[in-house]
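**Student:**
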């Protein structure tokens, strides 16, 4: 009997690690409301506040300090610093609309609705006592550890001040890839997100389906007030529960999974030529099929940061990109633009050595290595239109640019 139980447990874990996307946000929120009826009563008012464009008060890019708590039962689950760093990189690309796959996974029909959220993330460099830190803490937990309920308790690792840090617990949440608490729970001891070690970041122990770090992108969307794009689970078209609070995300009544083909009206409430925005980070498709937030979703996130999560802005617990580094990146540009024959990369303060060019449909049309600003990249055979360029320094993405071929 014990052997059968162990086998069943191992089978359940394996299916969770390799399964299609699942998220425990809705269930976790309902559990919180059951314990906190006052929060439940205020939820509709909070949703209305978050979706109101007139409430936006913050301007420019904001920085969110992050602390990662690793709760591991074996060496594999004790994710490396490199794996953690890869996740922060993904967040900074996805929330600034700098993801390398944007042009390939977001159809032209939805590109006008795609938004730079103007949010960046950095690892905490000061702990709650003001001491230097890497922003990572680790703890070995027993094999029967309850990641759903014990993560923030003394059995796990207590959150750092949830009004000053975005707390992320990495482990093995039961039956889901991850879950988050929303702005309704701002400042509570359990506030933050729990995520599977196997879908955190892009390297190390990640699996081959959820290997682009989009689970954290998705869960942090919940943390800042975003609902699933179909509204609440099991909701019906035309009901209040069916709305995600965004007018620019076509209404659907169920999640999309895997890698659907565009356009799709499988779950849309009204059939349209462009179908569902299933490539939105708040749907359930595979990591490699996600690629955008919408403009109305940006409104919700920004209102959350200026409202229930405003204390994060006064944290002063992490370092950000220095002014000099930002100036170096801002100085990178394309010339001539518009052009008819060639383009060159101007990078007076940094060495750019590789570039990729995508057409308006997101197809890679050219890859070139660059030595200096005098290099001319031939584009005379390109069709007239808009093209997108991604430039790299030593294989590291630096900036997205755009040019017009006449």
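In this note's numbering, the protein residues as written are 20 to 425.
Beta carbons: idealized from backbone N, C-alpha and C, even for Gly.
(1) Among the residues of its own chain, which have a CB less than 8 angstroms from the CB of residue 69, if the five just before and after it don't count?
(2) Rounded to a whole number of angstroms, what is the C-alpha to C-alpha distance between residue 385 and residue 375?
(3) Which same chain residues, not among the five before or five after residue 151, have their C-beta less than 8 angstroms away from its C-beta?
(4) Tell me whether residue 46 sits in a helix, a strand or coil according to DSSP, three-state version.
(5) Kindly provide the ranges of any alpha helix (DSSP H) runs that are 4 or more residues long and lie completely inside the stretch 194 to 265, ordered along the chain.
(6) Skipping 5 residues on each side, what residues in its chain have a beta carbon closer than 6 angstroms to that of residue 297?
(7) Between 84, 210, 212 and 181, which lies nearest to residue 336 when the distance is taken from Cα to Cα?
(8) Just curious, the beta strand (DSSP E) that residue 352 is in, first and last residue?
(9) Between residue 75 and the rest of its own chain, which residues show a CB-CB distance below 8 angstroms, the 5 nearest in sequence each way excluded?
(10) At 3 residues or longer, and completely inside the stretch 127 to 179: list those beta strand (DSSP E) runs for me, N to C.
(11) Assuming contact is defined by CB atoms lying nearer than 9 angstroms, are residue 102 and residue 271 in contact in what I supplied?
(12) What residues match up with residue 105 in a beta bridge as DSSP calls it?
(13) Decide if the stretch 185 to 198 is in contact with the stretch 206 to 224; the criterion is three or more beta carbon pairs, one per stretch, under 8 angstroms apart.
(14) Taking the C-alpha atoms as reference points, what is the distance between residue 191 and residue 314?
(15) To the nearest angstrom, report how far apart residue 342 and residue 109 are at their CA atoms.
(16) Helix, strand or coil for residue 287, going by three-state DSSP, please let me know.
(17) Figure out for me which residue from 311, 258 and 57 has the closest Cα to the Cα of residue 114.
(18) CB-CB under 8 angstroms to residue 369, same chain, minus the five flanking residues each way: which ones, in chain order?
(19) Rounded to a whole number of angstroms, what is the C-alpha to C-alpha distance between residue 273 and residue 364?
(20) Please report the residue range of the alpha helix (DSSP H) in which residue 70 lies.
(21) Just curious, the beta strand (DSSP E) that residue 402 is in, first and last residue?
**Tutor:** A quick look at the data gives this:
(1) 202, 244, 264, 318, 319, 322, 323 and 326
(2) 6 angstroms
(3) 144 and 145
(4) helix
(5) 233 to 242
(6) 275, 279 and 304
(7) 84
(8) 352 to 354
(9) 318, 321, 322 and 325
(10) 138 to 142 and 155 to 159
(11) no
(12) DSSP, once it has assigned bridges, lists no residue as partnering residue 105.
(13) yes
(14) 33 angstroms
(15) For residue 342, the predicted structure reports a pLDDT of 46, less than 50, and the residue's modelled location is therefore unreliable. A value from the coordinates is still provided. One C-alpha to the other measures close to 21 angstroms.
(16) strand
(17) 311
(18) 347, 348, 350, 351, 412 and 417
(19) 45 angstroms
(20) 56 to 70
(21) Element bounds for residue 402: n/a, residue is neither H nor E.
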